[in-house]
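Before any comments, here is the structure.
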Amino acid sequence: MNVLFEALKLIISGDRELVAICLTSLRFSLTSIFWASLAGIPLGFLLKLKSFTGKKFTLVVVNSLMALPTVVVGLLVYSLVARSGPLGELGLLFTPVAIIIGQVILVLPIITSMVYGSVSDMDPRLPETLKTLGASGFPYYLMMLKEMKNPILSAVLAGFGRVIGEVGVSMMLGGNIRWYTRTITTTISLQTSKGEFELGLALGLVLMIIAFVLNFLIHKVVHHD
Amino acid sequence: MLYRKSNAVKVLQIFFVSMNVPLLLITVFTVFFSVNLCAEGKQEKSLQHIRMATTSSTENSGLLAELLPVFQEKYGIQVDVIAVGTGKAITHGENGDVDLILVHARSREDAFVEEGYGINRRDVMHNDFVILGPVSDPAGIRGMTNASEALKQIALKEMDFLSRGDDSGTHTKEKELWSNTGIFPSGTWYKETGQAMGSVLTMTNEVQGYTLTDRGTYLALKDKLDLQVLVEGDQSLFNPYGIIAVNPEKHSHVNYAGAMEFIVFVTSPEGQSIIGRYIKNGEQLFYPDVHSPRKN
Chain A
11 MNVLFEALKL IISGDRELVA ICLTSLRFSL TSIFWASLAG IPLGFLLKLK SFTGKKFTLV
71 VVNSLMALPT VVVGLLVYSL VARSGPLGEL GLLFTPVAII IGQVILVLPI ITSMVYGSVS
131 DMDPRLPETL KTLGASGFPY YLMMLKEMKN PILSAVLAGF GRVIGEVGVS MMLGGNIRWY
191 TRTITTTISL QTSKGEFELG LALGLVLMII AFVLNFLIHK VVHHD
Chain B
4 MLYRKSNAVK VLQIFFVSMN VPLLLITVFT VFFSVNLCAE GKQEKSLQHI RMATTSSTEN
64 SGLLAELLPV FQEKYGIQVD VIAVGTGKAI THGENGDVDL ILVHARSRED AFVEEGYGIN
124 RRDVMHNDFV ILGPVSDPAG IRGMTNASEA LKQIALKEMD FLSRGDDSGT HTKEKELWSN
184 TGIFPSGTWY KETGQAMGSV LTMTNEVQGY TLTDRGTYLA LKDKLDLQVL VEGDQSLFNP
244 YGIIAVNPEK HSHVNYAGAM EFIVFVTSPE GQSIIGRYIK NGEQLFYPDV HSPRKN
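Residue numbers (the numbering used here), protein chains in the order written: chain A, 11 to 235; chain B, 4 to 299.
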């Protein structure tokens, strides 16, 4: 109970390092989710609306990738960006870019699969109606996007939950470097190993607050109409 | 051209109609952060960085938090610390993923230099390993002067022993001690945790077992532990730390100049006195090796 009290004190006092760590985590997660959404949402639509050979197989692959453990993604990207790997020349290991690559790979299947699922549940008359009304090309897809806003937001939110809470990718690819690649989750694991539970718990609380605020916002959006 | 224009207007219209205020805010926020990150990535380059892989003991004990700010102030070089076990730190060095390493496993450091991966190895500091155990000491090893004999006793009585099991410097030392006993530790009493020293100490405390630890990490965590130093002072428990630059001939991209600046700083009177003055919980954690033998 005492530890919890200390944790709350840390949050309320706005400890400089605590704030920096939280902002780093948010920055990484939001950037990853931005790129993953940019690729994943159109992919989800295309998977449903276009027909091509090997579609079923692609779906199975995307769905299985949802179960990819974070450490495996970390290991995979590690072997790519380490100096001995094919992208070694770029010197990306232990930089934010490496973390973001890993996190995008981590959530891309989740967003794609969830968007695919919601497009599948959509009223089949919607595309036809839109086409009858003369929509085509980009505006057509944008209209679809508008209609599908809520399920897409849920997909993005689920993805965000996955990246902000993951530790494997950030630890392995970021190296937990102070003031640089140290995120909420890597700090929690470091503090736990040091036997200092206050900052770890404080960050755990912050993580929950972020999740709560985001869910609240999304909830507002979804029930806006 | 005309068609395209009307198309673009349509797109914008739909965009703004479909996005209500909170959603718009979230989007702007996200884009801002993404751009911000790119901008910062560029900024970071202006301040020189070096990457150092080191053992968890130097980071967990808080020593680096004392050394690095002084170095950064003086040389304008930021040291990015990747705290892992000695084994992994050496691997990072071999792969050229870091510019220098600060580790504690003399035999492996020498191999690292001999194989041409590292140059300019310097002794930095030392402390010692100790064997910790519960106050009640069910294995009866308190006061023994031979660490290997003490481990043997623990093995014979099959008391819980927690091993790092992670190829770290401490783990290397532990294996060395076991090999002296002629016992290959196995069984449910021997627990390979695969965790950092701090975690292992916490775990050992929970199960009230025995473990081998560097004194620095133990002292840093002392007041959170209900464990005692039972065996210390054996010659074989000496724990020297060495710092090695990654060989630029093996990996041309490493920041050799920056790494050498740090090595010079750490072995300078100023760096050495910071190490010597570092006190935690009222005790000195590391002893500087001021007269470092110059090798290589």
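Glycine is no exception: its CB is placed at the ideal position from the N, C-alpha and C atoms.
Beta-carbon to beta-carbon, Thr196/A and Val177/A are separated by about 6 Å, close enough to satisfy the 8 Å threshold. In the displayed model, Ile53/B falls within a strand according to three-state DSSP. Counted as a single uninterrupted DSSP element, the beta strand (DSSP E) harbouring Gly136/B occupies residues 121-137. No Cβ of chain B is located within less than 8 Å of the beta carbon of Thr63/A. The C-alpha of Ala165/A lies about 24 Å from the C-alpha of Gly64/A. DSSP lists Lys283/B as the beta-bridge partner residues of Glu286/B. In terms of beta-carbon proximity, Arg93/A lines the interface with chain B, with at least one pair separated by less than 8 Å. Chain B has a Cβ within less than 8 Å of the Cβ of Thr202/A. The C-alpha of Leu230/B lies about 40 Å from the C-alpha of His52/B.
Here Leu204/B is near Thr216/B, since their CB atoms are less than 8 Å apart. Annotated three-state conformation of Leu215/B is strand, per DSSP. Among the CB atoms of chain A, one or more fall inside 8 Å of the CB of Leu224/B. Listed by position along chain A, the residues whose Cβ is nearer than 7 Å to that of Asn130/B form an empty set, because the closest Cβ is around 17 Å away.
The Cβ atoms of Ile51/A and Ile121/A sit closer than 8 Å to each other.
Bounds of the beta strand (DSSP E) holding Ser166/B are 164-166. Sequence-distant Cβ neighbours of Val173/A in its own chain, meaning closer than 7 Å and more than five residues away, are Ser39, Ser42, Ile43, Gln113, Leu116, Val117. Looking at the DSSP output, Val234/B bridges to Ile134/B. Excluding five sequence positions before and after Asp226/B, the CB atoms of its chain that fall closer than 7 Å to its own CB belong to Asn284, given in chain order. The three-state reading of DSSP puts Ile247/B in strand, counting E and B together. If you check the CB distance, Val216/A and Ile22/A do not come in under 8 Å. Annotated three-state conformation of Tyr193/B is strand, per DSSP. With a cutoff of 8 Å on beta-carbon distance, His256/B and Gly99/B are scored as near each other. Taking every protein chain shown into account, the CB of Gly236/B has fewer than 16 other CB atoms within 10 angstroms, so this residue is exposed. Residues of chain B whose Cβ lies closer than 8 Å to the Cβ of Leu103/A are, in chain order, Asp100. Under a 10 Å Cβ-count criterion, Pro137/B is classified as buried, with 16 or more other Cβ atoms of the shown protein chains found around its own Cβ. Taken in chain order, the members of the segment 83-94 of chain B whose beta-carbon sits within less than 9 Å of a beta-carbon on chain A are Asp83, Val84, Ile85, Ala86, Val87.
Membership of Asp83/B in the beta strand (DSSP E) is indicated by the continuous run 80-86. Residues of the segment 203-222 of chain A with a Cβ closer than 7 Å to any Cβ of chain B, in chain order: Ser203, Lys204, Gly205. Spatial neighbours of Ser202/B in its own chain (CB-CB distance under 8 Å, excluding positions within 5 residues in sequence) are listed in chain order as Thr196. Pairing Ala17/A with Leu167/A, the inter-Cα distance amounts to about 27 Å. Less than 8 Å separates the beta-carbon of His95/B from that of Ile85/B.
Across the segment 240-253 of chain B, no CB contact with chain A closer than 8 Å is found for any residue.
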